[in-house]
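**Student:** Sharing a structure with you now.
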Amino acid sequence: MSKDKHFVPSPGGLRNFRKNPWAVCCLIILGVFYAGAFLADFVSPYSYQNEDRSYSYCPPMEIQFLDEEGRLARPFVYGVTISFDEFHKRNYIIDKAEKYPLKFWMKGDTYQFLGLIPSSRHLFGVDAPGRLMIWGADARGRDLFSRIVYGGRVSLSIGLLGVAISFTIGLLVGGIAGYYGGRIDDVLMRICEMFMMIPGFYLLLALRAMVPADFNSVQVYFSIVVILSFIGWASLARIIRGMCLSIREREFVLAAKVMGLSDFRIIVRHILPHTLSYSIIAIMLSIPGYILAESALSLIGLGIQDPYASWGNLLSEAMGIIQINFSPWILLPGFFIFLAVMCFNVIGDALRDCLDPHFQVDENI
Amino acid sequence: MSLLDIQDLTIEAKQGQGRQAIVDRVSFAVPEQNIVALVGGSGSGKTTTGLAVMRLLSPGLNIVSGRIYFEGNDVVAMPEGELRRYRGKQMAMVFQEPLYAFNPVFRVGCQIEEVLQFHTDLTKGQRQQRVDALLRQVEIKDPGRVARSYPYQLSGGLRQRAMLAQAIAANPKLVIADEPTSNLDVTVQARILTLFKKLRDDLKLTVLIITHDLGLVRSLADQVVVLSSGRVVEEGPAGEVLQHPRHVYTQQLLEAAK
Ligand SMILES: Nc1ncnc2c1ncn2[C@@H]1O[C@H](COP(=O)(O)OP(=O)(O)OP(=O)(O)O)[C@@H](O)[C@H]1O
Ligand SMILES: [Mg+2]
Numbered sequence: 001m002s003k004d005k006h007f008v009p010s011p012g013g014l015r016n017f018r019k020n021p022w023a024v025c026c027l028i029i030l031g032v033f034y035a036g037a038f039l040a041d042f043v044s045p046y047s048y049q050n051e052d053r054s055y056s057y058c059p060p061m062e063i064q065f066l067d068e069e070g071r072l073a074r075p076f077v078y079g080v081t082i083s084f085d086e087f088h089k090r091n092y093i094i095d096k097a098e099k100y101p102l103k104f105w106m107k108g109d110t111y112q113f114l115g116l117i118p119s120s121r122h123l124f125g126v127d128a129p130g131r132l133m134i135w136g137a138d139a140r141g142r143d144l145f146s147r148i149v150y151g152g153r154v155s156l157s158i159g160l161l162g163v164a165i166s167f168t169i170g171l172l173v174g175g176i177a178g179y180y181g182g183r184i185d186d187v188l189m190r191i192c193e194m195f196m197m198i199p200g201f202y203l204l205l206a207l208r209a210m211v212p213a214d215f216n217s218v219q220v221y222f223s224i225v226v227i228l229s230f231i232g233w234a235s236l237a238r239i240i241r242g243m244c245l246s247i248r249e250r251e252f253v254l255a256a257k258v259m260g261l262s263d264f265r266i267i268v269r270h271i272l273p274h275t276l277s278y279s280i281i282a283i284m285l286s287i288p289g290y291i292l293a294e295s296a297l298s299l300i301g302l303g304i305q306d307p308y309a310s311w312g313n314l315l316s317e318a319m320g321i322i323q324i325n326f327s328p329w330i331l332l333p334g335f336f337i338f339l340a341v342m343c344f345n346v347i348g349d350a351l352r353d354c355l356d357p358h359f360q361v362d363e364n365i
Numbered sequence: 366m367s368l369l370d371i372q373d374l375t376i377e378a379k380q381g382q383g384r385q386a387i388v389d390r391v392s393f394a395v396p397e398q399n400i401v402a403l404v405g406g407s408g409s410g411k412t413t414t415g416l417a418v419m420r421l422l423s424p425g426l427n428i429v430s431g432r433i434y435f436e437g438n439d440v441v442a443m444p445e446g447e448l449r450r451y452r453g454k455q456m457a458m459v460f461q462e463p464l465y466a467f468n469p470v471f472r473v474g475c476q477i478e479e480v481l482q483f484h485t486d487l488t489k490g491q492r493q494q495r496v497d498a499l500l501r502q503v504e505i506k507d508p509g510r511v512a513r514s515y516p517y518q519l520s521g522g523l524r525q526r527a528m529l530a531q532a533i534a535a536n537p538k539l540v541i542a543d544e545p546t547s548n549l550d551v552t553v554q555a556r557i558l559t560l561f562k563k564l565r566d567d568l569k570l571t572v573l574i575i576t577h578d579l580g581l582v583r584s585l586a587d588q589v590v591v592l593s594s595g596r597v598v599e600e601g602p603a604g605e606v607l608q609h610p611r612h613v614y615t616q617q618l619l620e621a622a623k
């Protein structure tokens, strides 16, 4: 009597995950990202809308730990004054006369945390009239750090939401097709193929074109989520269907039928859990696709609209060579996209290594 | 009246162009509260007959003629929706290897509870009590531990008992047991067989037990039906058939069981 080889992810397998320092590192990075995005109102010193045109393209400020005499001091930033040279180019000059100490748990812009709890506390900041811009400012003089933190909310959550929706659809469609087989299978798989035939990005654009122009930001956000999930489910459904075709032949499925359980229950409770280790890996490896797709949409101006921030539309400011040349810090959002995408991939790969060595994902988005 | 009455059941398999009869005009009856043994060699169509009663034949197999009366209602003619009310609730089945018949990713107790959840209106707490009671009924000493175990963590005997507990969870009238003891050692076999008897008496259960071991039937069955190549070659009260087997095939089987 041999043990069944289709087991739940073995605890030994997940222990291997902990032994992979890169994966753990990436997990921590993502943890910080998601925590930051969740607490964006609090973590960022300013609201995403708080602008001061006189700080347009203000370079990143250095936080000083030593005062003029070189003694350790309470961290502070110098004020900046702006002057224009003969070519009307802005120059930001550090004004050593003004010192603004860094404050923690300070009062600043008011916000409603999660739309419920009103508050004006911020993790850190400086008192007015000083401004803290550790990663510089954008064209309209908004703090880039704050906008990146807020942007993470959109970019990181769109990945999760998109994956949640498309995996629900993909698992159900794949499960139904694989379980019933026959005509149902044929019809569902032809539909999947229709979706897979169209190149993802064009489908994305076409669907985006169908979204009414007068949608508000929340509606745009959700329509983007829906559009993204529309593209991802088909390839997943095909793979899940293949797995279900073999799982349904196993005796416990017959036993479940004998016990009179409904088809839906058998699919959801008895068959789909056996695709779990595949699904987890596939989820990890496909989230980057959603993040990138959102970024691409926002980059070309079809995604999240200013003043709302997402990493994609923040990056869209960096489309001109002049801006990049004179204020390279506006490329930072791109670095975050890169980091997040890389982390998901590394974690996905590590999970694959410890859960399922024979795994191949179809990254089609 | 018999609980189960199979009349002229013929099941065919599509094979290439032609068809092959797997079960050929089989008729026998299973009287209420009897233990009937369906005996035959490998490939004689026992499992197929059992699954036909549940109307769960694999796609390649078709019932081409015959009737299967369960409490006077013809299962063969029943629409799928109505069948659902029978499966699990009126008749249940246990398999040769419960390791495969249980879903490997869920705890045993959870899977028994699922049947209750589906077929009864019990609350969560009541269901858990009932699982406990069911496991005790199949003579499991520490129901708590067994319920919390995954199928692969249990011994073969315990697993088979747990499977039986699941089968009787929704109080079915008929239990079909497909070679329930073939994978167990002799002492455990004997105990499981006594358990069937006990359940028959306690729960007024009717049992159709499928086996290829005539010797095992001796101690258990009231009636025996001997199947060979899809045909009934001999049937009658257990004692009689075993003492005076008329058919050559039965004699051979008996010979082999010695
Ligand atoms: N789906 C199918 N398509 C074609 N032939 C099948 C199918 N299922 C079973 N058979 C054939 O039907 C015959 C009877 O099979 P069945 O499983 O009922 O035998 P059995 O008496 O239960 O044997 P065993 O003691 O080995 O379990 C076998 O010859 C088998 O090859
Ligand atoms: Mg069999």
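As given, the protein sequences belong to chains X and D, one line each in that order.
For the first sequence, counting from 1, position 285 maps to 285 in my numbering; every step adds exactly one.
Basically my numbering = 1-based index in the second sequence + 365.
C-beta: ideal position from N, C-alpha, C; glycine also.
1. Report the neighbours of D:Phe460 on chain X: residues whose CB is nearer than 7 Å to its CB, in chain order.
2. Return no unless some Cβ of chain D is closer than 8 Å to the Cβ of X:Ile281.
3. Does the distance from the CB of D:Glu600 to the CB of D:Phe393 come in under 8 Å?
4. Using a Cβ-Cβ cut-off of 8 Å, state whether D:Gly453 counts as contacting chain A.
5. Residues of chain X with CB under 9 Å from D:Leu421, in chain order?
6. Find the nearest neighbour of D:Gly580 within the set D:Val606, D:Lys562 and D:Leu560, judged by alpha-carbon distance.
7. I want to verify the contact list: residues of chain X whose CB lies under 8 Å from the CB of D:Gln494, in sequence order.
8. Measuring from the CB of D:Ser520, is there a heavy atom of ligand 1 at a distance below 7 Å?
9. Between D:His484 and chain X, is the shortest Cβ-Cβ distance under 8 Å, so that the two count as touching?
10. Could you spell out where the alpha helix (DSSP H) holding X:Ser235 opens and where it closes?
11. In chain order, what residues have a CB nearer than 6 Å to some heavy atom of ligand 1?
12. For D:Thr576, which of helix, strand or coil comes out of DSSP?
13. For X:Leu351, would you say it is in contact with chain D, using Cβ-to-Cβ distances shorter than 8 Å as the test?
14. Hey, is X:Leu204's beta-carbon within less than 8 Å of any beta-carbon in chain D?
15. From the DSSP output, in three-state form, read off X:Trp386 for me.
16. Is D:Ala457 close to chain X? Criterion is C-beta to C-beta, closer than 8 Å.
17. What are the start and end residues of each continuous beta strand (DSSP E) run of 3 or more residues lying completely inside the stretch 531-565 of chain D, in chain order?
18. Pick out the complete alpha helix (DSSP H) segments inside the stretch 99-175 of chain X, 4 residues or longer, and give them in chain order.
19. Does DSSP classify X:Met1 as helix, strand or coil?
20. Does the Cβ of D:Glu377 have 16 or more other Cβ atoms within 10 Å, making it buried, or fewer, making it exposed?
21. Please state whether DSSP places D:Ala378 in a helix, a strand or coil.
22. Which chain X residues sit within Cβ distance under 8 Å of D:Ala347?
23. Spatial neighbours of D:Asp486 within its chain, please: CB distance less than 8 Å, with the 5 preceding and 5 following residues excluded, ordered by chain position.
24. Could one say the Cβ of D:Gln502 lies closer than 8 Å to chain X's Cβ atoms, at least one of them?
25. With 16 as the cutoff for other CB atoms within 10 Å, does X:Ser246 come out buried or exposed?
26. Output the boundary residues of the alpha helix (DSSP H) element that contains D:Glu478.
27. Any C-beta of chain X sitting closer than 8 Å to the C-beta of D:Arg526?
28. Using the Cβ count rule (16 or more neighbours within 10 Å means buried), how would you classify D:Arg384?
29. With 16 as the cutoff for other CB atoms within 10 Å, does X:Asp186 come out buried or exposed?
30. Check whether the Cβ of D:Glu544 sits closer than 7 Å to any heavy atom of ligand 2, and report yes or no.
31. Under 9 Å, CB to CB, which of the residues in the stretch 517-549 of chain D have a partner in chain X?
32. Cβ of X:Leu261 less than 8 Å from any chain D Cβ?
33. Which runs of the alpha helix (DSSP H) at least 4 residues long sit entirely within the stretch 408-475 of chain D? Give them in chain order.
34. Do you know how far the Cα of X:Phe104 is from the Cα of X:Ala318?
35. Entirely within the stretch 488-525 of chain D and at least 4 residues each: give me those alpha helix (DSSP H) ranges in chain order.
36. Kindly list, in the order they appear in chain X, the residues whose Cβ is closer than 7 Å to that of D:Arg513.
**Tutor:** On the basis of the coordinates in this document:
1. The residue given as residue 460 of chain D occupies position 95 in the second sequence. Chain X residues near D:Phe460: Glu251 and Ala255.
2. Your numbering for residue 281 of chain X matches position 281 in the first sequence. It does not; no Cβ of chain D falls within 8 Å.
3. Numbered from 1 along the second sequence, position 235 holds the residue referred to as residue 600 of chain D. Numbered from 1 along the second sequence, position 28 holds the residue referred to as residue 393 of chain D. Result yes, Cβ atoms of D:Glu600 and D:Phe393 sit closer than 8 Å.
4. The structure shown has no chain A; the protein chains it does contain are X and D.
5. Looking up residue 421 of chain D in the second sequence gives position 56. Residues of chain X with a Cβ closer than 9 Å to the Cβ of D:Leu421 are, in chain order, Leu254, Lys257 and Val258.
6. Numbered from 1 along the second sequence, position 215 holds the residue referred to as residue 580 of chain D. Considering only alpha carbons, the answer is D:Val606.
7. Translated into positions along the second sequence, residue 494 of chain D becomes position 129. Residues of chain X passing the Cβ test: none, with the nearest at roughly 20 Å.
8. Start at 1 with the first residue of the second sequence, and residue 520 of chain D comes out as number 155. Outside the cutoff, so no.
9. To locate residue 484 of chain D, count along the second sequence from 1; it is residue 119. Closer than 8 Å to some Cβ of chain X, the Cβ of D:His484 qualifies, so yes.
10. Here residue 235 of chain X is taken as the residue at index 235 of the first sequence, counted from 1. That run of the alpha helix (DSSP H) goes Ser217 to Ile247.
11. D:Ala378, D:Ile387, D:Gly405, D:Ser407, D:Gly408, D:Ser409, D:Gly410, D:Lys411, D:Thr412, D:Thr413, D:Ser423, D:Gly425, D:Leu426 and D:His577
12. On the second sequence, position 211 is the one that residue 576 of chain D refers to. Look at D:Thr576 here: in three-state DSSP terms it is strand.
13. Working through the first sequence from its first residue, we reach residue 351 of chain X at position 351. Cβ-Cβ to chain D under 8 Å: no for X:Leu351.
14. What you label residue 204 of chain X is simply residue 204 of the first sequence in a count that begins at 1. Chain D contact via Cβ: absent.
15. No statement about residue 386 of chain X is possible, as the shown extent of chain X runs from 1 to 365 and does not include it.
16. Numbered from 1 along the second sequence, position 92 holds the residue referred to as residue 457 of chain D. At least one chain X Cβ lies under 8 Å of D:Ala457.
17. 539-543
18. none
19. Here residue 1 of chain X refers to the residue found at position 1 of the first sequence. Confidence at X:Met1 is low in this model, with a pLDDT of 38, below 50, so its placement is unreliable and the value that follows should be read with caution. Three-state result, X:Met1: coil.
20. Here residue 377 of chain D refers to the residue found at position 12 when the second sequence is read from its first residue. The residue in question, D:Glu377, is buried, as its Cβ has 16 or more Cβ neighbours within 10 Å.
21. Working through the second sequence from its first residue, we reach residue 378 of chain D at position 13. Strand, per DSSP.
22. Here chain D has residues from 366 to 623 only, and residue 347 of chain D is not among them.
23. As a position in the second sequence, residue 486 of chain D is number 121, starting the count at 1. Counting only Cβ-Cβ distances below 8 Å, and skipping sequence neighbours, we find nothing.
24. Indexing the second sequence from 1 puts residue 502 of chain D at position 137. The Cβ of D:Gln502 sits no closer than 8 Å to any Cβ of chain X.
25. Here residue 246 of chain X refers to the residue found at position 246 when the first sequence is read from its first residue. Exposed, since its Cβ has fewer than 16 Cβ neighbours within 10 Å.
26. Reading the second sequence from its first residue, position 113 is the one you call residue 478 of chain D. Val473 to His484 is the extent of the alpha helix (DSSP H) around D:Glu478.
27. In the second sequence, residue 526 of chain D corresponds to position 161, counting from 1. Chain X, which has no Cβ nearer than 8 Å to the Cβ of D:Arg526, makes this no.
28. Residue 384 of chain D sits at position 19 when you count from the first residue of the second sequence. Looking at its Cβ environment, which holds fewer than 16 other Cβ atoms inside 10 Å, D:Arg384 is exposed.
29. As a first step, residue 186 of chain X must be located in the first sequence, where it is residue number 186. Exposed, because fewer than 16 other Cβ atoms sit within 10 Å of the Cβ of X:Asp186.
30. As a working note, residue 544 of chain D is residue 179 in the second sequence. Yes; taking the cut-off as 7 Å, the Cβ of D:Glu544 has a heavy atom of ligand 2 nearer than that.
31. Tyr517, Gly521, Met528, Gln531, Ala532, Ala534, Ala535, Ile541 and Asn548
32. The residue you call residue 261 of chain X lines up with position 261 of the first sequence. It does: the Cβ of X:Leu261 has a partner Cβ on chain D nearer than 8 Å.
33. 411-418, 445-451 and 463-466
34. Against the first sequence, residue 318 of chain X aligns to sequence position 318. Against the first sequence, residue 104 of chain X aligns to sequence position 104. C-alpha separation (whole angstroms): 31 Å.
35. 489-502 and 508-513
36. Translated into positions along the second sequence, residue 513 of chain D becomes position 148. None at all; the shortest Cβ gap to chain X is about 15 Å.
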